[in-house]
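Student: Those sequence lines, one after another, are chains Z and G. Its first residue numbered 1, the first sequence is counted upward by one per residue in this note's numbering. Its first residue numbered 1, the second sequence is counted upward by one per residue in this note's numbering. For every residue, glycine included, the Cβ atom is placed at its ideal position computed from N, Cα and C.
Number of protein chains: 2
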Amino acid sequence: MPQAPSKARTATADEIRQAALEQFARSGYDATTMRDIASSVGIKAASLYNHFDSKEEILWDLTRAAMHELAANRDDALARLDPSTGPRERLAAFVRAHVGFHAERRYQAVLVNSQLGSLSRAHHRKAIGLRDVYEASLKAIIDAGVAGGEFKVSDAPLTTLAILQMGTGVSAWYRPDGRLSIDQLCAEHVKLALALVTRGPQ
Amino acid sequence: MPQAPSKARTATADEIRQAALEQFARSGYDATTMRDIASSVGIKAASLYNHFDSKEEILWDLTRAAMHELAANRDDALARLDPSTGPRERLAAFVRAHVGFHAERRYQAVLVNSQLGSLSRAHHRKAIGLRDVYEASLKAIIDAGVAGGEFKVSDAPLTTLAILQMGTGVSAWYRPDGRLSIDQLCAEHVKLALALVTRGPQ
DNA sequence: ACATATAACTAACGAGCGTTAGTCTAGCCC
DNA sequence: GGGCTAGACTAACGCTCGTTAGTTATATGT
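1. Between Glu104(G), Gly169(G), Tyr134(G), Arg125(G), which has its C-alpha nearest Ser181(G)'s C-alpha?
2. Scan the region 66–105 of chain G and note each continuous alpha helix (DSSP H) run of 4 residues or more that stays entirely inside, going in chain order.
3. Going along the chain, which unbroken runs of the alpha helix (DSSP H) with 4 or more residues stay wholly within the region 103–148 of chain Z?
4. Can you pull the chain Z neighbours of Trp173(G), defined as C-beta to C-beta under 9 Å?
5. So what's Phe24(G) in DSSP terms, helix, strand or just coil?
6. Do you know offhand how far Ile141(G)'s Cα is from Asp177(G)'s?
7. So, at 7 Å on beta carbons, what are the nonlocal neighbours of Val99(Z) in its own chain, with the 5 sequence-adjacent residues on each side left out?
8. Assign Ala162(G) to one of three DSSP states: helix, strand, or coil.
9. Does the beta carbon of Lys191(G) sit closer than 8 Å to a beta carbon anywhere in chain Z?
10. Would Ala66(Z) and Leu111(Z) be called neighbours here (beta carbons separated by less than 8 Å)?
11. Hey, does Ser6(G) have any beta-carbon neighbour from chain Z nearer than 8 Å?
12. Quick check: the Cα distance between Ile163(Z) and Ala11(G), rounded to an integer number of angstroms?
13. Given a threshold of 16 other Cβ atoms within 10 Å of its Cβ, counted over all protein chains shown, does Ile128(Z) qualify as buried or as exposed?
14. Whose C-beta lies closer than 7 Å to the C-beta of Leu81(Z) among residues of the same chain, with five residues either side of it excluded?
15. Look at Tyr29(Z) and Ser118(Z) and say whether their C-beta atoms are less than 8 Å apart.
16. Interface residues of chain G around Ala31(Z) at Cβ under 7 Å?
17. Indicate the three-state DSSP secondary structure (helix, strand or coil) for Ser39(G) in the structure shown.
18. Am I right that Thr33(G) and Phe24(G) are in contact with their C-beta atoms under 8 Å? What's the rounded C-beta distance?
19. Using a Cβ-Cβ distance under 8 Å, would Leu158(Z) count as near chain G?
20. Need the endpoints of the alpha helix (DSSP H) that Lys191(G) sits in, please.
21. If the cut is a Cβ gap below 7 Å, which residues of chain Z does Met166(G) touch?
22. Interface residues of chain Z around Gly169(G) at Cβ under 9 Å?
23. DSSP three-state call for Asp53(Z): helix, strand or coil?
24. Consult DSSP for Glu15(G) and reduce its assignment to one of helix, strand or coil.
25. If you draw a straight line from the C-alpha of Thr160(G) to the C-alpha of Leu62(Z), how long is it?
26. Straight-line CA distance for Ser27(Z) to Ala147(Z)?
27. Suppose the cutoff is 8 Å on Cβ atoms and the five residues either side in sequence are ignored; what does the same chain contact list for Glu56(G) look like?
28. Of all the CB atoms in chain G, is at least one closer than 8 Å to the CB of Asp155(Z)?
29. I'd like to know if Ser181(G) contacts chain Z, where contact means its C-beta is closer than 8 Å to some C-beta of that chain.
30. Alpha carbon to alpha carbon, what distance is there between Ser114(Z) and Ser208(Z)?
31. Should Gly86(Z) be flagged as near chain G, meaning a C-beta pair shorter than 8 Å?
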């Protein structure tokens with residue numbers, strides 16, 4: 001029992017993280033074995049325990065990091081805006097960040113979107129909490145737009161989920177060699193999201 | 001090796017289907033054991049093999065049925081329309097059927113949306129084929145609306161996926177005792193979908 | 001009533017899983 | 001240069017998995 005519990009930032013630990021992320025996202029947590037992960041890194045399964053305490057700890061390490069990076073990515077995008085920026089531009093910035101993350105870092109996105117159920121109960125609760133905060137941050141933008149009269153929505157909570165869900169889905173089908181670049185994808189999604197909060201002349 | 005290979009429509013087989021559906025949807029295919037399923041039905045794991053040849057066959061039986069019922073549900077909704085019905089009403093009917101299915105039969109929907117990866121390669125291919133046909137049927141409605149000038153979209157394939165994804169997401173969070181009834185949910189989603197194909201005055 | 005088929009049971013197999021124990025080796029610090 | 005430690009290794013444990021074999025009981029059809 002040598003080193004610090006889990007925060008190890010060594011090169012091998014990062015290789016393990018990378019291999020586990022790809023396989024958890026591609027095949028699912030249950031279908032991925034410790035021997036699979038170790039083999040990708042070029043070591044034996046038992047050696048993984050020099051870097052992580054358990055398989056679930058690897059999943060949680062990855063999930064936690066992905067969710068924090070998703071939030072940080074959004075914060076960066078919104079922080080770049082002038083404080084007086086209106087809701088339309090704030091929504092656009094959120095959607096660009098959201099969709100960009102789900103395309104550019106789709107393995108992390110897939111993990112967050114489909115493997116939360118494999119976490120321990122305590123970690124699952126924390127993940128749901130982070131997700132709720134993330135959702136609330138979009139809802140706040142929409143609510144502000146509605147309050148200011150720039151947005152018109154029939155049901156704000158449902159519209160929030162719809163916008164998130166459109167972008168989340170990107171991680172399921174996006175491929176780097178696809179028809180649209182990430183910038184185009186983000187731009188299209190911004191148009192779609194704005195359409196959802198702008199009741200046209202019916 | 002007694003009975004017909006797999007088409008058995010006995011009461012016990014249906015109980016097995018029901019139990020497996022719930023647990024596959026709730027916990028995932030890999031995390032559900034044959035002993036879990038058998039226990040829900042009140043029999044032993046070995047007895048499951050009087051009704052199905054393998055665990056994967058249960059999953060495929062359920063997946064296949066769910067996808068066919070999803071398509072049949074859409075066909076019913078569209079068949080009720082007058083042949084001269086315009087694209088807006090056709091899109092509305094599709095979305096009502098799509099969202100209604102994903103709320104009312106969310107276990108089947110979850111299976112189709114998140115457990116396809118556990119199918120054998122041959123079955124997986126068939127499932128992807130059915131999904132592609134389903135997606136194409138929505139795209140055809142959108143294309144028709146664009147061709148007729150009733151719809152204005154920036155990117156038809158992306159808009160198709162966005163509408164599907166909004167509805168698909170419902171199966172992940174809908175609960176029968178939730179804030180909105182299924183009818184309300186469908187009506188809201190129709191509004192959202194129509195907003196996506198109707199470029200307002202920007 | 002008796003043969004037959006259906007569908008349950010108990011028992012177990014072989015494989016694979018996450019994980020642990022104990023060992024060996026190479027590089028770093030005094 | 002000798003001790004120490006990080007991190008790899010081999011071996012194996014205990015468990016659970018899907019599945020099979022063989023047996024038994026309960027209905028049904030004539």
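Tutor: Result, derived from the coordinates:
1. Comparing Cα-Cα distances from Ser181(G) to each of Glu104(G), Gly169(G), Tyr134(G), Arg125(G), the minimum goes to Glu104(G).
2. Fully enclosed alpha helix (DSSP H) runs of 4 or longer: 87–104.
3. Fully enclosed alpha helix (DSSP H) runs of 4 or longer: 106–114, 121–148.
4. What Trp173(G) touches in chain Z: Leu161.
5. Reduced to three states, the DSSP call for Phe24(G) is helix.
6. Each residue's Cα considered, the two are about 33 Å apart.
7. By the criterion of a C-beta distance shorter than 7 Å, Val99(Z) is surrounded in its chain by Gly167, Val170, Leu185, Cys186, His189, once the five residues flanking it on both sides are discounted.
8. Helix.
9. Yes - at least one Cβ of chain Z is within 8 Å of the one on Lys191(G).
10. Cβ distance < 8 Å, so Ala66(Z) and Leu111(Z) count as in contact.
11. Note on Ser6(G): pLDDT 39, under 50, position unreliable in the model; the coordinate value appears next. Closer than 8 Å: no.
12. If you draw a straight line from the Cα of Ile163(Z) to the Cα of Ala11(G), it comes to about 42 Å.
13. Exposed.
14. Same-chain partners within the cutoff: Glu89, Arg90, Ala93.
15. Yes, the pair counts as a contact, with Cβ atoms nearer than the cut-off.
16. At a C-beta separation below 7 Å, Ala31(Z) has these neighbours in chain G: Asp30.
17. In the structure shown, Ser39(G) sits in a helix (DSSP, three-state: H, G or I).
18. Contact flag wrong, Cβ pair sits at about 11 Å.
19. Answer yes: the Cβ-Cβ gap between Leu158(Z) and chain G drops below 8 Å somewhere.
20. Segment 182–196, the alpha helix (DSSP H) holding Lys191(G).
21. Taking the beta carbon of Met166(G) as reference, the chain Z residues within 7 Å of it are Ala162, Gln165, Met166, listed in sequence order.
22. The contacting residues are Leu161, Ala162, Leu164, Gln165, Met166, Thr168, Gly169.
23. Judged by DSSP in its simplified three-state form, Asp53(Z) adopts coil rather than helix or strand.
24. Correct three-state label for Glu15(G): helix.
25. Taking the straight line from one Cα to the other gives about 32 Å.
26. Roughly 44 Å separates the two Cα atoms.
27. When the five nearest sequence neighbours on each side are left out, the beta carbons in the same chain lying within less than 8 Å of the beta carbon of Glu56(G) are those of Ser118, Leu119, Ser120, His123, in order along the chain.
28. Judged by the 8 Å Cβ criterion, Asp155(Z) is in contact with chain G.
29. Taking Cβ atoms only, chain Z never reaches closer than 8 Å to Ser181(G), which makes this a no.
30. The structure shown does not extend to residue 208(Z), since chain Z spans only 1 to 202, so no value can be given for it.
31. It does not; no Cβ of chain G falls within 8 Å.
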